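Notes to accompany the following structure.
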Amino acid sequence: MSPASSRGRSWWSAGALAALAVAYVVAMLTAGNSHSDLEIYRFGVDTLWNGGDLYGALPLSDAGIPLLFVYPPFAALMLTPLALAPWPGAVFLLFVLSLAALGVTFHAITRTLWPSGDRWKALLVSSAAITPALFLEPVRQTLGFGQINLLLMGLVAADCLLARGRYRGIGVGLAAAVKLTPMAFLLFFLIRKDFRGALTAMGTFVAASAVAFAVAPEASARYWFGGLAGASGISGTSFHTNQTLRAVLARFGVDSAAAKPLWLILTGVLLVLVTLTMYRSAVVPALLLNAAFALLISPTSWSHHWVWIAPALFTTAACAVLHRRNHRRALAWLAVTGVVATIFVTAPFRYFPAFDRPGQTWTATQQWLGNCYIVAGLVFVAVSGVLALRKRQGDPWI
């Protein structure tokens, strides 16, 4: 390596570190300081290792919120370091890991869309994108609650976009063992005919769950065989931050008896559309489509679960850069990025009735604005389908 290239690498690395430092400061200033979910993680881990009931009543958070530990027992094992550290250390560790996971997600997309580019420049681009992403409501809320959504997203993105050979599928399997929802990304492997990756993900999930069963047999038996897996008692809630199709039906006042079959029909139709579009799409939009599908059809997708909007906007901005010679297309991608970013920064539903008391309703305008994440997700699926039908060689989106 020449001295010039070595100096260049040092500059790019220093720039990336500076961007990460700025991101950390901005995150601390914008995320809030409740971290109630981090408290619950720590309570759950302490309860498990002290022989208590992981899925019983836990101490109230500092905000007085009576939350329960709802993840599989393997999650408690993985979250143990956050319970061993003192509170300030746990907050710092989770913030750093979350920001790193966001950077890993961006880096995986950068290396996929720009495979011939310099990896150190890609590192700087990925690091610089973290700070703007912190203003997105899902990212902001994830950090504020002390949630692990960014960690799981980083695992999945790195696995689907960067992992190769026998290692591909491990990240998705581990993420699913921590929180069941990432198992939806098996669809990504299956559509791309990566059956080895799908089997590896399933095998990793089973192995991780078996480890948890060996360490915590009572908690594991209660979770897997006691009706806790996939159940939370709040599925389909109409609460305003639940941004999923099931919640839309509830907010429109659809009777619960009719809501479930209607939701199943919508899920089936969406599965067909997403599958066909993913099959004709490039790897990055296929992954984003899979994420959108999982969020839309899940019974409960709190607004902070929508952290996948960060890599989606990163990708649309990248498309504007890659199409910079075609001014019309570049401007179109920038316009899409700006409009969608505005929706996910402002999160209009937070200004409407929360559906936390009987009798609350939304006007027609509030329904459109309040269900904005679902509308954005459905439009994304529809537009991606149109682009896939008009597929052009070399287009980074399709």
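Just so you know, we're using my numbering here: the sequence shown kicks off at 32 and counts up by one.
Glycine included, C-beta positions come from ideal geometry on N, C-alpha and C.
What you are looking at is a predicted structure, and each value in this text was computed from that prediction instead of being measured.
- Annotation for ASP68: PHE176, GLY177 and GLN178 place their beta carbon closer than 6 Å to its own, counting only its chain and skipping 5 residues before and after.
- Distance from the CA of TYR86 to the CA of PRO97, rounded to the nearest whole angstrom, comes to 12 Å.
- By a beta-carbon distance limit of 8 Å, ALA54 contacts THR162. Their separation comes to about 5 Å.
- Every alpha helix (DSSP H) stretch that sits fully inside the segment 106–159 and reaches 4 residues is listed by chain position as 111–115, 118–144 and 150–159.
- Shown here, ASN321 sits in a helix according to DSSP, grouped into three states.
- PRO379 sits away from PHE137, with the two beta carbons spaced by 8 Å or more.
- Scanning its chain for C-beta atoms nearer than 6 Å, with the 5 sequence neighbours on each side dropped, one finds around ALA159 the residues ALA50, in chain order.
- Taking C-beta atoms under 8 Å as the contact rule, ILE374 and VAL279 fail to qualify, at a distance of about 16 Å.
- Taking a cut-off of 8 Å for Cβ pairs, the segment 215–232 and the segment 313–327 touch, as three or more such pairs fall below it.
- Per DSSP, the unbroken alpha helix (DSSP H) holding ALA245 starts and ends at 226–246.
- With contacts defined by Cβ atoms closer than 8 Å, PRO103 and SER240 form a contacting pair.
- For TRP399, the enclosing alpha helix (DSSP H) begins and ends at 395–401.
- Each of VAL57, ALA232 and ALA131 was checked against the Cα of TYR198, and the nearest Cα belongs to ALA232.
- At the C-beta level, ALA413 and VAL371 stay beyond 8 Å of one another.
- Residue pairing by DSSP puts ASN273 in a beta bridge opposite TRP333.
- By the 16-neighbour rule on beta-carbons within 10 angstroms, ASP190 is buried.
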